[in-house]
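Undergrad:
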Amino acid sequence: MKIRRLTELNTGYEIAPQHSIPDNILEKIIWQKEDEVLQMKQAMSSLESGSDYETLLKPSSAFSKGRDFAKALKQGSPALIAEVKKASPSKGIICPDFDPVKIAQAYERGGAACLSVLTDETFFQGSFENLQRVRDSVSLPLLCKEFIIDPCQVLMARSAGADAVLLIAAVLSDADLSAFSILADRLGMDSLVEVHSLTELDRVLALPETGKSIRLVGINNRNLENFTVDLAITEQLLKARGEELTAKNIVVVSESGLKTSDDLIRVHLAGANAVLVGESLVQQTDITQAVRAIIPKQLELQR
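With the first letter of the sequence shown counted as 1, position 258 gets the number 258 in UniProt numbering; the numbers rise by one all the way through.
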């Protein structure tokens, strides 16, 4: 899948013709994100368009030491990343009584290894403020779930308390995947690089940063063009490249469409080290109990 850009913020992208209509929901999100990034840069007086990565690193000494996101995911079988999520483009509001702090604390009590916090405002009704509030209320490592297309978003994620950032292979060039992962690493964060196809996974495996600043690969079972979900995506990609991922000591996270303990067992047996679950948890009345129920017991994993 190739996602076009509206403006040439970075080189290496196809620019959509003037007055174009987005080909899919992901492209629509990215075009909106380009406008947001321009506004963000104007608001961040310390960052100017064209700043190099060394300039971006200057404030890093002011940040508190990050929590080790990748290490936390190596403690479970599979480890659970529970997502703090209010809405989605496909389903609208999924949590009407949304309180990010209460949800995060319930996840922590239930036994989640890490948390994911949506920061996109337009399509997911998230915010960096929510990320900061969650950071102040729990001790778990946090993933900033954002559609990152510019280094200033990586810096914003760290300043809001993130311990990891999401980098989506479908929307980033190889050069930006490498540069953003290196920047995140220097700021004390992990990068969860998300793929949906074998082509995208092979791109990531070929990057020199994979196994270094890139220690996490997420396999998204959701097709970001039409938002359909198929857990077989995780199985297919791990059957094809599981040995290579293991050889590079990469933690594999299966994302989207995971609703039950049996779903977690299925992707774990395929080779996933961790899972990211949001909608099926945040909609429950007793979120803490829902987390405990979805995490497989050790005996169940020995099927």
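Each residue gets a CB set at the ideal place from its N, CA and C atoms; glycine is no exception. Nothing here was measured: the structure is a model prediction, and the numbers come from that model.
Expressed to the nearest angstrom, what Euclidean distance is found between the alpha-carbon atoms of ALA293 and THR7?
TA: If you take the alpha carbons of ALA293 and THR7, they lie about 46 Å apart.
Undergrad: Three Cβ pairs or more, each shorter than 8 Å: is that satisfied between the segment 94–113 and the segment 230–250?
TA: Contact between the segment 94–113 and the segment 230–250 is absent, because fewer than three Cβ pairs lie under 8 Å.
Undergrad: Under 6 Å Cβ to Cβ from ARG222, same chain only, skipping five residues before and after it: list those, please.
TA: Counting only Cβ-Cβ distances below 6 Å, and skipping sequence neighbours, we find VAL229, SER256.
Undergrad: Name the one or two DSSP bridge partners that ARG222 has.
TA: Its beta-bridge partners are VAL229.
Undergrad: Is ASP97 helix, strand or coil by DSSP?
TA: Coil, per DSSP.
Undergrad: For the putative contact between VAL217 and GLU83, defined by C-beta atoms under 8 Å, what is the C-beta separation to the nearest angstrom?
TA: That pair is no contact at about 18 Å.
Undergrad: Would you kindly work out how many angstroms separate the C-alpha atoms of MET156 and SER213, rounded to a whole number?
TA: Rounded to whole angstroms, MET156 to SER213 spans 19 Å at the Cα level.
Undergrad: Along the alpha helix (DSSP H) that carries ILE214, what are the first and last residues, could you check?
TA: Looking at the DSSP string, ILE214 is not in any alpha helix (DSSP H), and its letter there is neither H nor E.
Undergrad: Is it true that the CB of LYS86 sits closer than 9 Å to the CB of LEU131?
TA: Not a contact, by the Cβ cut-off of 9 Å.
Undergrad: Report yes or no: do the segment 182–195 and the segment 155–169 share at least 3 C-beta pairs separated by less than 8 Å?
TA: Flag = yes, the segment 182–195 and the segment 155–169 touch.
Undergrad: So, at 6 Å on beta carbons, what are the nonlocal neighbours of LEU201 in its own chain, with the 5 sequence-adjacent residues on each side left out?
TA: Result list for LEU201: VAL195, LEU237, ARG241, in chain order.
Undergrad: What are the residues that DSSP puts in a beta bridge with GLY92?
TA: In the DSSP output, where bridge partners are listed per residue, GLY92 has SER88.
Undergrad: Quick one: grab the DSSP three-state call for LEU167.
TA: Reduced to three states, the DSSP call for LEU167 is strand.
Undergrad: Let's see if you can read the secondary structure: which residues bound the beta strand (DSSP E) around ASP68?
TA: No beta strand (DSSP E) holds ASP68; DSSP gives it neither H nor E.
Undergrad: Does DSSP classify GLU14 as helix, strand or coil?
TA: It is coil, neither helix nor strand.
Undergrad: Just to confirm my understanding: we take residue 305, look at its own chain, exclude 5 residues before and 5 after, and list those with CB closer than 8 Å. What are they?
TA: Any question about residue 305 goes unanswered here, given that the chain covers just 1 to 303.
Undergrad: Could you give the residue range of the beta strand (DSSP E) that holds LYS259?
TA: Counting along the chain, LYS259 falls outside any beta strand (DSSP E), and DSSP gives it neither H nor E.
Undergrad: Start and end of the beta strand (DSSP E) containing GLU194?
TA: Segment 190–195, the beta strand (DSSP E) holding GLU194.
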